[in-house]
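Heads up: the sequence shown at position 96 corresponds to 175 in the numbering used here, and the numbers run straight through without jumps. Everything on this sheet refers to the single structure shown next.
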Amino acid sequence: MTAVDATIAALGVAGLERGGLLAVAIDGVAGAALRPVAGPGPAVAVSAVDAPAVLAGVERELGPRWAMWSSATAVALLGLGVEVARSWDVVAVHRLLFGGWRADPARAWARLGGLDPAAVPTDEPRDLFHQEPEGDPDRPVRPDGHLRPDWVAGGWAASPERMGGWAAVLAEVVARQQRRLDDLARADDEPRPAAARTAIAESTAELLCAELMVEGLPVGRAEMETAIAGFVGPRPADEQAAVAARGARDEAVLRHVPEGVRFDLRSPSQVKTMLRMVG
């Protein structure tokens, strides 16, 4: 059985249905962890070596909606050569639900869990004034309910077990966001039935932005040159032709200035002087 087949089978056991929401935590060195948002789990670990083939295979065979913390995950997937068609972007949905711009994992977890976002802990050295609550450092959630700042800062990728825990946290955040959106859709005072569709649209926009950042905007050069030629004429065949065409364009402007006076039309200051002269 290949790594792709084994992962797909394990995801089925964990509760993933075709097209379902799949939380992904990915690190270029540590690999990836996959956790169905709806389902008993557990998370499925993928090695860094197998990640490109396995993640592409999951996309091809199961077509999930990839749940990710932010578009940075989409960029990481694209870096592995994995193009996904659908996503759920926690940052985008958080901004839709709560407004504002700050939307890191710790803040999203706090808002959805009824915790004070102003009390989100930071990863500061432990001293007399900064004491971390007791608890298991290998668990992502502190006894006070907040996410551990060292996990948020990247400690989640320290081991496959931690990556699995981080994927589980992501899955829980997405499930809570879905419930919030359902509540908005059914609100008695001002129902917003398009809330879930808007969340998906915002997530798709983030995914497209990630693709543009990695791959750029595809342009048909021939079509582009045809469009430009409609305004400025065809591309010169060589440098001599370019100089002649530029001279002809310049002459159409310079004939309006007094004879014997010349200006460099590529100099903004000289163009301003010329305009003042001709009125």
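Ideal placement from N, C-alpha and C gives every residue a C-beta, glycine not left out.
- By the criterion of a C-beta distance shorter than 8 Å, E285 is surrounded in its chain by S149, S150, A153, S166, D168, V170, A171, once the five residues flanking it on both sides are discounted.
- By alpha-carbon distance to A278, the top candidate from G309, G178, V340 is G178.
- Ranking A104, G99, E162 by CA distance to the CA of A132 puts E162 first.
- By the criterion of a C-beta distance shorter than 8 Å, M242 is surrounded in its chain by A104, D106, A109, G110, A111, A112, A122, A124, W235, A236, once the five residues flanking it on both sides are discounted.
- Bounds of the alpha helix (DSSP H) holding R186 are 184-191.
- P115 and A321 have their C-alpha atoms some 60 Å from each other.
- For V163, there is no enclosing alpha helix (DSSP H), as DSSP marks it with neither H nor E.
- Assigned with DSSP and collapsed to three states, V103 falls in strand.
- Judged by beta-carbon spacing, W180 lies beyond the 9 Å limit of P219, meaning their Cβ atoms are not closer than that value.
- By DSSP's assignment, D168 forms a beta bridge with M147.
- Secondary structure within the segment 208-273: the alpha helix (DSSP H) runs of 4 or more consecutive residues, fully enclosed, are 228-231, 239-264 (chain order).
- Within 10 angstroms of the beta-carbon of M292 lie fewer than 16 other beta-carbons, which makes it exposed.
- Looking at A275, A197, V336, the one whose alpha-carbon comes closest to that of L263 is A275.
- The way I'd put it, the segment 301-308 doesn't touch the segment 190-201; fewer than three beta-carbon pairs between them come closer than 8 Å.
- Per DSSP, the unbroken beta strand (DSSP E) holding G110 starts and ends at 110-115.
- Taken through DSSP and simplified to helix, strand or coil, A124 comes out as strand.
- Taking C-beta atoms under 8 Å as the contact rule, R97 and L141 qualify, at a distance of about 5 Å.
- Between R259 and L176 the beta-carbon gap is near 6 Å, inside 8 Å, which marks them as a contact.
- Pairing R325 with V298, the inter-Cα distance amounts to about 26 Å.
- Around the beta carbon of H335, fewer than 16 other beta carbons lie within 10 angstroms, which makes this residue exposed.
- Counting along the chain, the unbroken alpha helix (DSSP H) around L134 starts and ends at 130-141.
- In this structure, DSSP gives D202 a state outside helix and strand, which the three-state scheme calls coil.
- Straight across, the Cα-Cα distance linking A280 with A273 is about 10 Å.
- Relative to H173, the option among Q256, G295, A127 whose CA is nearest is Q256.
- A316 counts as exposed, since fewer than 16 other beta carbons sit within 10 angstroms of its beta carbon.
- Taking C-beta atoms as the reference points, A135 and G160 count as a pair closer than 9 Å.
- According to the DSSP assignment, V311 belongs to the alpha helix (DSSP H) that extends over 300-311.
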